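Undergrad: I'd like to ask you about the structure that follows.
Residue numbers (full-length UniProt numbering): 1 to 911.
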């Protein structure tokens, strides 16, 4: 609307400009004609003026005659007749001549006399003048009567005066009439001329406006055609123009390109094009074209044409009759349309249908994923075979039955019906959750149930339930929960069980006012055995130690493996220090005998720290802390002895503080170093990732400090946070260096402590460090212990989930050494389980160990986790783990921890 108004305003402006410009040729012609007519009228005025001049001469003659008559009268009045008679006679002759001239001087005067004597009065006046002249002349010739002469002269003068006056009035009236008429005619001609000019100018302006509009229309049409061509080119549409009468079809370059035809051939006959159409589609195409030709309607259809190379190309064709000849026998003259290459879409649809078929087949084939569909009234409309296996009802038994009457236990039915109603009517979705649903035989089946509503905004909504049978997982979880309280290597209670048992025993001691002792046992130089003889030897040693220690305990005493080479003995209801010493001596005596390891007899000693309730502390944490301090005092005293906790143990604490100080100074002096132990793919032995391990050699120290010594101190003093930051920066820096050397890309996993993870700025620091070295979350992985994840709050789990979703590998390290509860795994954002080496040491040879490891691997894989096995030291272990379909392995059998340059040689690209 606005564009039309603007266009009208432009035309009106141009029209006004054209009306004020120079006259055109036609306008000049009309002006010339008007001027010529005015000249003609003016010429007519000149003719009339000549006649008026002649009338004026007539008046002058009459005036002259009257003047002569006056002279005669004067002569008569003043002169003697005898003296002036001759003069009077001469004057009268002049009057007579003038009257004669007036009457007989020419046609014009006669016509004038006739014109002015049209009335009786005028005719009488002229006759009276002639008669008075005659009488005066006669009187002068026949008598000398002065009075008669005077009377006759006066009569003559009056007659001539009246005649003159009438002629003058008549002349004045004619002049006014002539001028009025001519001026009126000229005015009319001028008005007509001006009107003609205006009409011509208006017509010319309209003609110019129409021409301008036509040019604008042509320009707009040309622009529209260019835009249409751009649209066709931009959308990569093929275009065809079919001359129906000649059967010639013109096409554009896209049409030719779709079919692989030469670009210079842009005309075909309709038979050739129809011959390229797939036989299965030709009938439909012909039917649509016939309908279009008969009715003039448009059409849109999909069909195939053969490519020049022989394959078929799917087209989406939209065409319409654009030109009709009403005078010919057939109306259709021209058909135009566009075609679009939809081969990719058709291929995608084919793949989608194939995928849908596969998905349906998969849904039907999954043994533990029950899928059911329910209509608006919760009646079963779909029931796959897994639903029969999970719930016991066949498809025939289930179809048409209501959900709440089929598999919903009685206490849940009202809530289920209400939840379904709220979803259908109010859009409130049913959250996925773990449920216990009813089997046909009456027992409850644990499932993880999620729900999808289809056709929700229609009158026929359908709810589909996807129920994953958790029976095996629950059974396995129950078994793992039972095993979670046991250390798999020694079959002793693990740390988790110990903490619970110690708290229970302390409660009893408080209640019955009893003493309780805690023995903290740590094997001396156990690391040397692992390093020299391997982890298998160390594991055998731990098992033998556990068996020997159990032999000296009462049935209500507790022996547990606290971790690594540490054991804890809880001695409730003790009578005093002497009784405790007796037990300690028996324990120490066991280390006086050799242990058999791989056909070698070796001696192993132990250091024991002892704390007592209530003398040393009242809580389990205090007793463990002080027993630990006493144990370190025993080691510092030369090992192979036990010590009761005392105030002097503060010296040990001082040592720990000194270690903390040295750690802080070493951090400032950059005295740390990373080594890397590769992780290999068990399928092809390729290095996939590596674990970064921290090493510390303080200034002026002869050897590297043991991580088992300084890491616990760092954990207690919070220096672990700075150490962790150093490790993150060093690992990122090393990965960036490897990237710059164009080595084979691998992920580097770093261990992150619980304290470090819980720092408010940890995640920002981690992200900033990755960005600083140009790395992505996929380049660095983190390893956490089970205890860290179990103790994590919702915010920490949310941040870990964010890292997990960004692609960072999150692993649970030393799985099995802690709580080892798979029931937690579904809540943790992890990719990988790193199974503690204790699980695989005897697995190739012991059926129980094998069964446990198989259960962990299978459940882990079902939960979508990768499985990494640590501590692989023999070929048998590697082959066994490979048969269990473990994903990755790490251990001395493959690679020992190595410096970065040595690992770089392994990662060097082949030349």
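Think of the CB as a built atom: it goes at the ideal place given N, C-alpha and C, for glycine as much as any other residue.
Everything numeric in this text was worked out from a predicted model, so none of it was measured.
Would you give the residue range spanned by the alpha helix (DSSP H) that residue 587 belongs to?
TA: 577 to 590
Undergrad: Does DSSP put residue 902 in a helix, in a strand, or in coil?
TA: helix
Undergrad: Is residue 38 helix, strand or coil when you go by DSSP?
TA: helix
Undergrad: Specify, as a first and last residue, the run of the beta strand (DSSP E) that residue 673 falls within.
TA: 672 to 681
Undergrad: With 16 other CB atoms within 10 Å as the buried threshold, where does residue 594 fall?
TA: exposed
Undergrad: Measure from the alpha carbon of residue 184 to the alpha carbon of each residue in 37, 643, 169, then state which is nearest.
TA: 37
Undergrad: Here's a check: name, in chain order, each residue in its chain whose Cβ is nearer than 6 Å to the Cβ of residue 560, leaving out the five neighbours to either side.
TA: 492, 493, 498, 568
Undergrad: According to the Cβ coordinates, are residue 434 and residue 448 closer than 7 Å?
TA: yes
Undergrad: So, do the stretch 598 to 605 and the stretch 547 to 563 have three or more beta carbon pairs nearer to each other than 8 Å?
TA: no
Undergrad: If you drop the 5 nearest sequence neighbours on each side, which residues of the same chain put their C-beta closer than 7 Å to that of residue 905?
TA: none
Undergrad: Pick from 266, 768, 849: whose alpha carbon is nearest that of residue 912?
TA: Limits of the chain in this structure are 1 at one end and 911 at the other, which puts residue 912 out of reach.
Undergrad: With 16 as the cutoff for other CB atoms within 10 Å, does residue 207 come out buried or exposed?
TA: exposed
Undergrad: Straight-line CA distance for residue 24 to residue 337?
TA: 48 Å
Undergrad: Do you know offhand how far residue 756's Cα is from residue 374's?
TA: 50 Å
Undergrad: Might you give, ordered along the chain, the residues of its own chain that have their beta carbon closer than 8 Å to the beta carbon of residue 576, omitting 5 neighbours on each side?
TA: Setting aside the 5 residues that flank it on each side, residue 576 is surrounded in the same chain by 515, each with a C-beta closer than 8 Å to its C-beta; the list follows chain order.
Undergrad: Count the C-beta pairs between the stretch 871 to 886 and the stretch 833 to 843 that are closer than 8 Å, then say yes if the count reaches three, no if not.
TA: With the cut-off at 8 Å, the stretch 871 to 886 and the stretch 833 to 843 touch.
Undergrad: Can you list, in chain order, the residues of its chain whose CB lies under 7 Å from that of residue 440, leaving out five sequence neighbours each side?
TA: 391, 392, 393
Undergrad: Just grab the DSSP bridge partners of residue 698 for me.
TA: Residue 698 has no beta-bridge partner at all, per DSSP.
Undergrad: Could you tell me the alpha carbon to alpha carbon distance between residue 727 and residue 674, rounded to whole angstroms?
TA: Between residue 727 and residue 674, the C-alpha separation is close to 8 Å.
Undergrad: Under a three-way DSSP split, which group does residue 516 fall into?
TA: strand
Undergrad: Just to confirm before moving on: does the CB-CB distance between residue 627 and residue 611 stay below 7 Å?
TA: Taking 7 Å as the Cβ cut-off, residue 627 and residue 611 qualify as a contacting pair.
Undergrad: Taking the alpha carbon of residue 410 as the point to measure from, which residue in 386, 383, 443, 380 has its own alpha carbon closest?
TA: 443
Undergrad: With DSSP run on the structure shown, which of helix, strand or coil describes residue 352?
TA: helix
Undergrad: Quick check: what's the CA-CA separation for residue 331 versus residue 380?
TA: Residue 331 and residue 380 have their C-alpha atoms roughly 58 Å apart.
Undergrad: Determine the extent of the alpha helix (DSSP H) in which residue 405 is found, giving its start and end residues.
TA: 403 to 406
Undergrad: Please report how far the alpha carbon of residue 508 lies from the alpha carbon of residue 645, in whole angstroms.
TA: 22 Å
Undergrad: In whole angstroms, what is the alpha-carbon distance linking residue 629 and residue 642?
TA: 11 Å
Undergrad: If you follow the alpha helix (DSSP H) that residue 802 is in, where does it begin and where does it stop?
TA: 794 to 806
Undergrad: In whole angstroms, what is the alpha-carbon distance linking residue 659 and residue 711?
TA: 10 Å
Undergrad: Taking only three categories from DSSP, how would you classify residue 426?
TA: helix
Undergrad: What residue range is occupied by the uninterrupted beta strand (DSSP E) comprising residue 620?
TA: Counting along the chain, residue 620 falls outside any beta strand (DSSP E), though it belongs to the alpha helix (DSSP H) covering 620 to 636.
Undergrad: Do residue 649 and residue 522 have their beta-carbon atoms positioned less than 7 Å apart in this structure?
TA: no
Undergrad: What separation, rounded to the nearest whole angstrom, lies between the Cα atoms of residue 243 and residue 335?
TA: The alpha-carbon atoms of residue 243 and residue 335 are separated by roughly 7 Å.
Undergrad: Under 7 Å between the Cβ atoms of residue 542 and residue 490?
TA: yes
Undergrad: Suppose you measure from the CA of residue 583 to the CA of residue 534; what does that come to, to the nearest Å?
TA: 31 Å
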